[in-house]
Each structure stands twice: as structure tokens, then as C-alpha cells.
Amino acid sequence: MLNSRRARVLPPRQPQRLIWSRASDFVAWLGLGPNTNPEASGQQQTQPPKSRQAPTSSPSPPSRLAVKRVLRPQPPADNSFPTFQRSLESGKRKAAAHALGRFSLEIKHVPSSTQLLDAWQVVSQCRPFVVDSEKPLQVRLATAADVGDNRPWLLQIVPADAFAQLSVDISTRSMFVGSTGPDLDADVVVANEALMVGNLVKAFHQMNEHKLAVAFFEAYDRDRRVWLQEHQLRQAAKVLDDDISYADEEDEAEVEAKEKPVPIEHVTQLPRAVYSCYLRSLATLKQTKKIVRLFENDEHQLERICSTVPNLQLLLHACYSEKNGELARRAIDTITHCSPAAVIPLGCYELAIRSNLRDRKRDERELVTAIHLAKALQNDGGYTLKPDIWSGLIKVSLNMNRPDLALEVFKSYPRHCIPEYQTNFRQVLRAACRFTDSTALDMMHFCWANYGSESSNAKTLLEDRKAYHDTICLNNPDTRGLSLGDAVLASTIPVLNKEAEIELLNMMLWEMLKHRHAVPSLVQVLDIMEATRSKGGAVALRQTVRVLFDAKWSGISGVSTAGGMH
1 MLNSRRARVL PPRQPQRLIW SRASDFVAWL GLGPNTNPEA SGQQQTQPPK
51 SRQAPTSSPS PPSRLAVKRV LRPQPPADNS FPTFQRSLES GKRKAAAHAL
101 GRFSLEIKHV PSSTQLLDAW QVVSQCRPFV VDSEKPLQVR LATAADVGDN
151 RPWLLQIVPA DAFAQLSVDI STRSMFVGST GPDLDADVVV ANEALMVGNL
201 VKAFHQMNEH KLAVAFFEAY DRDRRVWLQE HQLRQAAKVL DDDISYADEE
251 DEAEVEAKEK PVPIEHVTQL PRAVYSCYLR SLATLKQTKK IVRLFENDEH
301 QLERICSTVP NLQLLLHACY SEKNGELARR AIDTITHCSP AAVIPLGCYE
351 LAIRSNLRDR KRDERELVTA IHLAKALQND GGYTLKPDIW SGLIKVSLNM
401 NRPDLALEVF KSYPRHCIPE YQTNFRQVLR AACRFTDSTA LDMMHFCWAN
451 YGSESSNAKT LLEDRKAYHD TICLNNPDTR GLSLGDAVLA STIPVLNKEA
501 EIELLNMMLW EMLKHRHAVP SLVQVLDIME ATRSKGGAVA LRQTVRVLFD
551 AKWSGISGVS TAGGMH
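According to the UniProt record's numbering, numbering within the sequence shown proceeds without interruption in unit steps and concludes at 566.
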């Protein structure tokens, strides 16, 4: 019976559909196309009944190498490209430039990413093509019927590295008019691949296809880095060969006169507008690590791209997200040096400062950088620090055992118009009282400079405080529009300041008691409270008297013990 059982016949294997047969299939595979319908592809194939269908493994997704090939041009195997025509009328050159300009303009106004990818499938073959004027961005490969005087211009793109070789004797970096081979004898507009890639990136970004914009840019940038590395190796090998082979100076001069340098770096460079679209697409996709990585080790790109305020803002947001304070400082310094006329917004300074305060490897260098940026915010930008950033700088300085920096930042509060009754001001004084050094006392003497003569620059402190109070009065909503004298008379700020003064002094006294400050420090606080006629709290005063008596009694006991020993 086992031998008579008929063997199960498996159904024939269905031929796999070429996944890259059309550019729209690439969009569907990525899941980026607006018209992607996963059910449509399934309906086109006739599936056998489930009872007779054998279990088969699902086709694996395409490799990354295949994806890169789709995004990059596919030049012909013989690498035959049009040659530059030197003898050409100026009218024809202008007409050729207008034809390429119209094609670039049509790319920018294509409504669908599928149409762009379909056009790229034809253009990326690096063969002459024709733009159909009757349909919106419909391109096809050129034939012999397209050659003629009254026919549209033939267009062809060339990989950027090959275009750099072809345009050694030309002063252009985007296009030239060349002549094709014997198969299709005609004039053709040869365009740099970088121009086409730049138009695609800007078009995809404009239609919110950010993944496609990033994919095309990164695929091109990957190949460009390889081209530049190969070019550097060739140049190094060439210099070595010249040093070995050419001992005669006349022969060496002849060789150098014949060979001109290839401007590959200049020709393959994408415009700044393309980088801006790429950065915006990365920011939309929240890929801030790529933004930081793009400029972290490339000073040239930092100076070239981040010399404009919009690009600077994108980079600073990425630095804040990735906690990279060093790059944020370099970005601010770069735009200040390269674009001195640029008006840097307040938010850019604040992002750079916050990036340093929350840096992953924060140490004194990041703290000093943040304070440097805070000074630039006021001196170069003419802005004032927000109270939370001001207090954050002081707290970080205290935690890093840099009371000198904390006191320096604290003394800037009159210039930044930070009210003394503000919550952050109170938090700063409380944080300073946690340390038993003289930082809290120095801050107190600065605040109440007119009640003490110990400060050597008391006159300067009084002038700063007067300007500070005048600014506070003028910025009060109740007195806005009045003169300075009327504003000071009508303002209720002194009443608020008096209440805040009493509260601050009592808070400082209590915090110093809690953290066991020395008795002379407590006495200085009591002297300021007496000079300002500030009412002290009962609990704080009782505890202060107890500490003073204990110190007095321990001093008397120490003297008595010393006398008895003698």
C-alpha cells in the first residue's frame, strides 16, 4: 500500500516578480508612495487553492547594495560619454542652458514622488533622453527620430566624478554641450549628476517625502566620499612617481603643463540649498545623530553650511538633543566669524548654552564654554539671560566646586534685569548657603552693597544696582509709557523688594544655621538684617542666639582650661 500511494505533486514555483522593474515598485517596497496599495499586487498573481498550496518561504527583502544601485546612476559598460564641443554658437549654448533649466523647473513642480522615480529610472541610465512636452515630466530614451534641427534638445546626465574628468578644460560645473557617438550623431546637453540629485532632494523635501530625500542625498554623499578618497590617493601616488621618475626639471615642467588638475571636489559639491533641505528632512525624521555626525569632524562643511541662521538653528537643536556642547560652541563661533553681519536669535544662544550644561561628558570646559556663550549673548547679541539659565550656570558652578565662576555669574544679574524677588534668585542663594565657604556672604554683600563699606568697588556696585532698579521700573506693565521719574514714583516694586528682602535674609540665616556656618558669617547676616530693619523669624533668631551662646561658652571654657593648665 505504501508503494501504491501516489507521490504528492508540488505546484510549479511561481516566478518572482522583479522588485526593481519600475521605480514605483521601489516606492511601494519602502512604503513611501502615496498610492501604494498592497492588495493590488496580490490580486495580479493567481494563487493556487490553499489545500494544494505547499508552504513556501516569503521572498527576502532586497539587499542594501541593491537599494544603493537603484539610487545611483547606471552608466553604460563602455563608459562612453559625449565629448565637449568647442566650436558652438553662443545662441545654441544659451538654448541648451534654457532647455536644462526648464527640465530642472519641471522636476521642482512634479506633484507625485512616483513620477519623479519613474523619470529617475530613465535618466539614471546615463544615456540621451528626451522630455515629452505634452505630458507632465514624461521622459524617454532618445532614438534616431529625435535627431533634427527642429527637435527638442537631447539631455543626458553623467556621474559627477566622470563629469569632473570631462570638464577639466571648461570653467563650468553644471553642464556643457557635447556630441554623441556614431550611433546617435547629435548635439546633447550633458548635465552634472550633482545638479540632478540636488533637484531631486529639493523636490522630495518640498512634497514631504523626507525619507526619499535623505536616501538620495546619502547615497550620493557616500559615493562622493569614495571619489575624493580615490582622488587623494591618485594625487599622492602621482607626486611620488614624479619625484622618482622625473629628475630633469624641464621634463617635469612639460608634464605639469600637459596635465591639468581635476576639480573633483568643486564639481561634485552639492549646493548649500540642497544641504538645507537634507538637514530639514533629517530634523523632521528626528534623526539628530546624523546632523551632528555631518558636522562633527568636518570644519569646512560647518563653515559652509552653518553660516546661515536657519541651518544654525537646525544644528543647535540637534546638539541640544544629542547633548553635544562642543559642537554647539563651534557653530556659534563659526557664524560669528564667517557671517559677522548675521543677526543670531536669542534662541540660538540659549540652545548652545543649554547644550553645554547638559553635555554627556560635562566638566569644567563645558561650564567655561557656557559662561563664555552667556557673555556673548549679552555683549554680541544684546540680549539678557533668562532666570532659569542664569541660575543653572550658578548651580553647576557650585556643584563643580567653582565658587569663583558662580560669583561671577551671580554679579551679572543687574545687567540681565533679574528681579530679586524671583524664584530662581531665591534658589541661587539657597544653593550657595549649602557650602560653608564665603560664596553666600559675597553674594549677600553684593545684593546689599549700600549697607556695607567692605567692598572696594562699592561705587560701581551702587551704579549697577541703580541702573538695574531703573530698568525694572520701566519694564513694569503698570508704569509702561511713563518717564523714569514718574515710573519710580508710581511703581510698587520697592514694596515687593522690601518683602523679598526680609524673606531672603531670613532664608539665608536659616540655611546657614542648618549647614553649620561659622559664627562670624551669622553675625554678618544679622548686621545686614539690622541695617535694613528686616524682621527676623522667631525660630531662626532663637536658634541663632543658642549658637552664639554655645560659641561664647566654648570660648570661655577653652580659655579657663588653658589658664588652669598654666
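We put the CB at the ideal spot given by N, CA and C, even for glycine.
C-alpha distance - residue i paired with residue j, whole-angstrom precision
| i | j | result |
| --- | --- | --- |
| residue 533 | residue 502 | 9 Å |
| residue 126 | residue 84 | 16 Å |
| residue 357 | residue 375 | 15 Å |
| residue 175 | residue 161 | 13 Å |
| residue 412 | residue 268 | 49 Å |
| residue 368 | residue 82 | 58 Å |
| residue 236 | residue 165 | 18 Å |
| residue 322 | residue 288 | 7 Å |
| residue 590 | residue 316 | There is simply no residue 590 to check, as the chain begins at 1 and stops at 566 in what is shown. |
| residue 425 | residue 401 | 20 Å |
| residue 346 | residue 513 | 40 Å |
| residue 266 | residue 194 | 11 Å |
| residue 511 | residue 419 | 21 Å |
| residue 291 | residue 397 | 30 Å |
| residue 448 | residue 309 | 42 Å |
| residue 523 | residue 541 | 12 Å |
| residue 405 | residue 443 | 12 Å |
| residue 303 | residue 314 | 14 Å |
| residue 445 | residue 551 | 24 Å |
| residue 149 | residue 163 | 26 Å |
| residue 299 | residue 305 | 10 Å |
| residue 591 | residue 432 | With the chain covering 1 to 566 only, the question about residue 591 has no answer from this structure. |
| residue 379 | residue 281 | 34 Å |
| residue 180 | residue 361 | 59 Å |
| residue 22 | residue 121 | Residue confidence is low: residue 22 scores 47 on pLDDT, short of 50, so the model does not pin down where it sits. No coordinate-derived value is stated. |
| residue 536 | residue 415 | 30 Å |
| residue 352 | residue 389 | 11 Å |
Environment of residue i [buried if 16+ CB atoms lie within 10 Å]
| i | result |
| --- | --- |
| residue 171 | exposed |
| residue 134 | exposed |
| residue 156 | buried |
| residue 436 | exposed |
| residue 521 | buried |
| residue 553 | exposed |
| residue 489 | Unreliable placement is indicated for residue 489, whose pLDDT of 40 sits below 50; the coordinate value is still reported in the next sentence. Exposed, because fewer than 16 other Cβ atoms sit within 10 Å of the Cβ of residue 489. |
| residue 295 | buried |
| residue 423 | exposed |
| residue 546 | exposed |
| residue 549 | exposed |
| residue 350 | buried |
| residue 325 | buried |
| residue 178 | buried |
| residue 143 | exposed |
| residue 209 | buried |
| residue 354 | buried |
| residue 318 | buried |
| residue 187 | buried |
| residue 359 | buried |
Residue i, DSSP secondary structure in three states
| i | result |
| --- | --- |
| residue 191 | strand |
| residue 132 | strand |
| residue 179 | strand |
| residue 58 | Interpretation of residue 58 is limited by its pLDDT of 45, a score under 50 that renders its predicted location unreliable; no figure is taken from the coordinates. |
| residue 358 | coil |
| residue 301 | helix |
| residue 423 | helix |
| residue 379 | helix |
| residue 310 | helix |
| residue 76 | coil |
| residue 149 | coil |
| residue 271 | coil |
| residue 403 | helix |
| residue 171 | coil |
Enclosing alpha helix (DSSP H) for residue i [first to last residue]
| i | result |
| --- | --- |
| residue 139 | Premise fails: residue 139 lies in the beta strand (DSSP E), 138 to 141, not in any alpha helix (DSSP H). |
| residue 524 | 519 to 531 |
| residue 333 | 325 to 338 |
| residue 98 | 90 to 108 |
| residue 443 | 439 to 447 |
| residue 285 | No alpha helix (DSSP H) contains residue 285, which DSSP labels as neither H nor E. |
| residue 536 | First-last for residue 536: undefined, no H or E at that position. |
| residue 387 | 387 to 399 |
Residue range of the unbroken beta strand (DSSP E) whose run includes residue i
| i | result |
| --- | --- |
| residue 156 | 154 to 158 |
Bridge partner(s) assigned by DSSP for residue i
| i | result |
| --- | --- |
| residue 84 | 178 |
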